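Numbering (the working numbering), first residue to last: 240 to 486. Note that the Cβ used here is the ideal one computed from N, Cα and C, for glycine as well. The structure presented is a predicted model; accordingly, all values stated were derived computationally and were not measured. What follows is one structure encoded as structure tokens, with my remarks underneath.
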Amino acid sequence: MLKNKVAVITGGTRGIGYAIAELFLKNGAKVAVLGSRKETVDAALSKLCQQFDSADMMGMYPDLTDYAAVEAAFADVKAQFGRIDILVNNAGISAREPIEAYDPEAFKKIMDLNVTAVFNGCKAVVPAMKEIGGGSIINTSSMVAKFGQQSGVGYPASKFAVNGMTQSLARELGKYNIRVNAVAPGVTRTDMVAALPEEMVARVAACIPMGRVGEPEEVANAFLFLASDMASYISGAVLAVDGATVN
Ligand code: NAD
């Protein structure tokens, strides 16, 4: 489904991002995996190398919150693979502090990665996509952008912002054949969920009509669809992959 396409995936070293990298490679794409540290990027690439050709992958760890660093990383991807067709803005952190205990610095940090880094990625990739006549940007949102969450207000605030950016940039970039969509996972079995208190996961899982949390591979399938030409007229969508979670 992605033969001859080049994809950049932020937060591609584990969890949902790693599952996306794996699935994109399986579907013929060349993939640049971006993570926060050299060690985790190297570990992800050596795992992917066991299944796929190492010539089809590269790894980087730019500071995603620094626009110049993101621009330089994308230039490296173009230098190595010649083009960028797909950008997955997936790196993200969560929060659960109640408002009175919420450190304003922590609020700034979550906005920097979950919102500013998405802006940086979108801005930096536009020239590369215009050059090849279009592209697909997919942002990782969350089910919390449907109804908020009970504590850790920075996280839902950041994901509502991701949805706003997705819908606005879809309108702005449609004329360049650049599609901008988001995938909004429900509770998905990754390290992010493993870090949550068990009772919080159980409380959320109890509200899932399908009666279970999602697997990273199930979420990755939605990214594959939106990245592919099968979604050629889909832009501005926020696709929920949450087992019909209601609240
Ligand atoms: P994870 O913690 O397993 O992986 C997060 C990824 O982001 C890692 O690859 C990590 O290297 C990267 N990352 C973290 N901080 C970074 C930084 N400062 N700079 C660059 N990269 C950084 O999490 P996950 O569950 O796979 O989450 C991926 C995305 O999915 C996030 O945007 C998250 O908000 C979203 N999401 C997750 C769930 C869930 O239940 N797991 C639900 C809804 C949305």
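Sequence-distant residues of its chain with Cβ nearer than 7 Å to residue i (five each side left out)
| i | result |
| --- | --- |
| V357 | N328, N378, V401, M404 |
| Q406 | G475 |
| L352 | L303, T304, A330, G331, I332 |
| E457 | V480 |
| P337 | S390 |
Contacting residues, own chain, Cβ-Cβ under 6 Å from residue i (five flanking each side not counted)
| i | result |
| --- | --- |
| M299 | L273, A312 |
| G250 | G256, N329, A330 |
| E310 | A363 |
| K277 | Y300 |
| Y306 | N359 |
Whole-angstrom C-beta distance between residue j and residue i, which should lie under 8 Å
| i | j | result |
| --- | --- | --- |
| P395 | I255 | Contact flag wrong, Cβ pair sits at about 18 Å. |
| M382 | G413 | So it is not a contact: roughly 26 Å between Cβ atoms. |
Limits of the beta strand (DSSP E) - the one that residue i falls within
| i | result |
| --- | --- |
| A421 | 417 to 424 |
| N378 | 374 to 379 |
| I248 | 245 to 249 |
| K269 | 269 to 273 |
Run of the alpha helix (DSSP H) containing residue i, from where it starts to where it stops
| i | result |
| --- | --- |
| G298 | Premise fails: G298 lies in the beta strand (DSSP E), 296 to 299, not in any alpha helix (DSSP H). |
| L284 | 277 to 288 |
| N328 | No alpha helix (DSSP H) contains N328, which is instead part of the beta strand (DSSP E) from 325 to 328. |
| K369 | 356 to 370 |
| T429 | Per DSSP, T429 belongs to no alpha helix (DSSP H) and is neither H nor E. |
| S397 | 393 to 412 |
| P337 | Unbroken run through P337: none, as it is neither H nor E. |
Residues near residue i in its chain [Cβ-Cβ closer than 8 Å; skip 5 each side]
| i | result |
| --- | --- |
| R451 | A444, G482 |
| L463 | M240, L241, I259, L262, F263, N266 |
| R322 | V245, A367, E370, I371 |
| V440 | V426, V432, V452 |
- prompt: In the segment 440 to 480, which residue ranges form an unbroken alpha helix (DSSP H) of at least 4 residues, counting only runs that do not cross its ends?
  reply: If only complete runs of 4 or more residues are kept, the segment 440 to 480 shows the alpha helix (DSSP H) at 455 to 466, in order along the chain.
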